[in-house]
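Report on one structure; see the data block that follows.
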Amino acid sequence: MLLVTHFLCLTDPLHPLWSCSEDRMMLCWILISLFVGFLKAQENPEVIYAQVGGNVILPRENIKGDVYVNWYRGKDINITISRNPQSGIQRAKEMKTHADLLPDFSLKISPVQESDFEIWRCEQHVLSSTYKKTYKLYHVTIPKVPAVIAGDSLSLECKMDSSPVKPSVTWIPPENSDCHQSNHSREKIKVKDVSRCHSGVWTCMLEYGSKKKYYTNATTTVSVIDLSASPDTIYTSSSKVNIPCSLSSKIPWSILNETGLSGGSWSFTPLSDPKSTHSLLSLSVGSVVRWNKTQGKDSPVKAEGRELKDHVLSINLPVSEKIRGVYTCSLTFSTKTLSRKVQVEVLNVSSSGGSRVYEGQSVNLTCSLGHQLTSDLEVKWNCSSCSIFFGLNLHQSTLSIPEVKVEHSGKLTCELWKKGEKLTSAVLSLKIEKAPVDIWLCVAISSGVVVFILLVVVTIICIRRHRQMMMYRRRKIKYCCCKNPQQNQKGFYKT
């Protein structure tokens, strides 16, 4: 009534209140302005930004009581989705959008489609009272960013439809391990010298609204082409060693080809000859990506070619002392080459007498990388089932044992440590046997026995021959008994 009375005071000069004071007139104008602003506010929808393919929430005003909630799309008189205290949530049979109600009956649209960018109305009924609220969706878009090679620059832009509000923009970088990045408060940003830290989902966060703050997140995925970090040195003693090389993110080979990938390679430089580099494999690109053999017959390392199905570029090699060296994995693009180097060290444990030693011999045990150990590396010997190390310094690369015994047999383990961490270990099976009799001595004794026997036999034969000769020379006159003796003659007769 006060508002009406003051309004009459201003409009009717014959009104008895025409003589109202200037203060009252000013108050009337203020009230009228507030009333008109309130009516306009009821007509103007709330601004809500959304990204196609993302999700958006249209909040419901909190009305107390047993409330009926109806959500309408544009000028449609049919309810899109509603909440009835008796029958629960109901949806239109032909709903054109993926909409649902949250526990507080706010409207959630996910994923947002191009056709959803229009007016949305919320009507709430409590007894005889009706509360209305309207929203309008506006676009926020991020132009697609092609894959970026590590070291290049990255440009991002957050575009917004013009609306009655002016959102503030904050770019939030991806969360990657061992990476510390700050936010950017601009619509357009440019990041120089990108690395794997910049690969992932970037978020453009909008903050807007006068009475109530609204937040909208638009996202885009940035792919940075780079090779993953690999250990500087690999220590091994096993039968096989995997030399790692891989892309830092799972980027399809088709995208790499579009970025200008022209090839790649694996090469090997021996530690014993740093000036000599051997080509091992070359990368063929196209519909099928594979490693092809390129090593020559004189190459000390033999790597096998294979087809590449994923982002892993590693190679597997059989372990021997010949593979000690520096391995280089490279990817060549039209503008630059990405590469990673890995040094392979092979731990070897050996015995001066071999794996089989005779009791009483002196033995030198050596644990080595093929060169002198650096100051940060340490050797530890271990043998759980033998007493060969008694009284020796177990932190030396070479152990000298003056006289081994049979009870010293067992598995000897040499461990390589660095700053309290075991890098690798090598095992030697040492077998100590009883010393055999000298074989030449056995031959000499056997030969002597044989000669002695032969001498005895020859002597016996000679004696017998001598006796026979002597008997022949001393032949006696023989007498015989005649079968027909002469008459009147008796006895034996000479022949």
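Numbering of the sequence shown is given in this note's numbering, commencing with residue 407 and proceeding in unit increments. Yeah, the Cβ is synthetic: ideal placement off N, Cα and C, and Gly gets one too. From a predicted model like this one, the values you see are computed outputs, not experimental measurements.
Straight-line spacing of the CA atoms in LYS499 and GLU593 works out to 41 angstroms. Taking C-beta separations shorter than 8 angstroms and ignoring five residues to either side along the sequence, the partners of THR642 in its chain run VAL725, VAL750, GLU751, VAL752, LEU753, THR830, following chain order.
In the DSSP annotation of this structure, LEU798 is not part of any alpha helix (DSSP H), being labelled neither H nor E. VAL628 sits away from PRO549, with the two beta carbons spaced by 9 angstroms or more. Within 10 angstroms of the beta-carbon of ASP522 lie 16 or more other beta-carbons, which makes it buried.
Inside the region 445 to 498, DSSP marks whole beta strand (DSSP E) runs of 3 or more residues at positions 452 to 456, 462 to 464, 474 to 479, 485 to 490, 494 to 497, from first to last along the chain.
Note that the C-beta distance between LEU686 and LEU714 is not below 9 angstroms. Just measuring C-alpha positions, the residue of THR540, LEU533, ASP584, HIS604 sitting nearest LEU562 is HIS604.
If you keep only unbroken beta strand (DSSP E) runs of at least 3 residues inside the region 518 to 593, you get 525 to 532, 535 to 547, 560 to 563, 574 to 578.
Nearest neighbour of VAL571 by Cα position, chosen from LEU612, VAL607, SER534, TRP608, turns out to be LEU612.
By the neighbour-count definition (other C-beta atoms within 10 Å, threshold 16), GLY731 is a buried residue.
By the neighbour-count definition (other C-beta atoms within 10 Å, threshold 16), VAL763 is a buried residue.
If you look at THR627, you'll find it isn't in any alpha helix (DSSP H); it sits in the beta strand (DSSP E) that goes 620 to 628.
One alpha carbon belongs to ALA709, the other to GLU520, and they sit about 53 angstroms apart. Taken through DSSP and simplified to helix, strand or coil, GLY670 comes out as strand. Nearest neighbour of TYR474 by Cα position, chosen from HIS586, HIS531, MET501, turns out to be HIS531.
Within the region 626 to 650, the complete beta strand (DSSP E) runs of at least 3 residues fall at 639 to 642, 646 to 649. As DSSP reads the structure, HIS684 sits in a beta bridge with PHE674. Look at ILE661 here: in three-state DSSP terms it is helix. Leaving aside the five residues that flank SER745 on each side, the residues in its chain whose CB is nearer than 8 angstroms to its CB run, in chain order, LEU633, THR734, CYS735, SER736, LEU737. A distance of 9 angstroms or more separates the beta carbons of ILE487 and LEU508. Pairwise C-beta distances place the region 774 to 789 in contact with the region 824 to 838, as three or more of them are shorter than 8 angstroms.
DSSP places ARG871 in the helix class (H, G or I) of the three-state scheme.
Taking C-beta atoms under 8 angstroms as the contact rule, VAL518 and GLY459 qualify, at a distance of about 7 angstroms. Classified as exposed, ILE483 has fewer than 16 neighbouring CB atoms from the shown chains inside 10 Å of its CB. Classified as buried, GLY670 has 16 or more neighbouring CB atoms from the shown chains inside 10 Å of its CB. At a Cβ-Cβ threshold of 9 angstroms, ALA556 and ILE631 count as neighbours. By the CB criterion at 9 angstroms, CYS789 and THR819 fall inside the cutoff. With respect to CYS585, TRP577 sits apart: the two C-beta atoms are not nearer than 9 angstroms.
The continuous beta strand (DSSP E) containing ILE721 extends over residues 721 to 724. Around the C-beta of GLU452, 16 or more other C-beta atoms lie within 10 Å, and the residue is accordingly described as buried. If you ignore the 5 residues before and after HIS801, its C-beta comes within less than 7 angstroms of the C-beta of GLU784, VAL785, LYS786, all in its own chain and listed in chain order. Annotation for ARG762: the continuous beta strand (DSSP E) segment containing it runs 762 to 764. Rounded to whole angstroms, the separation of the alpha carbons of ALA456 and LYS618 is 17 angstroms.
A straight-line Cα-Cα distance of about 41 angstroms links ASN722 and GLU765. Relative to VAL769, the option among SER757, HIS777, GLY776 whose CA is nearest is SER757.
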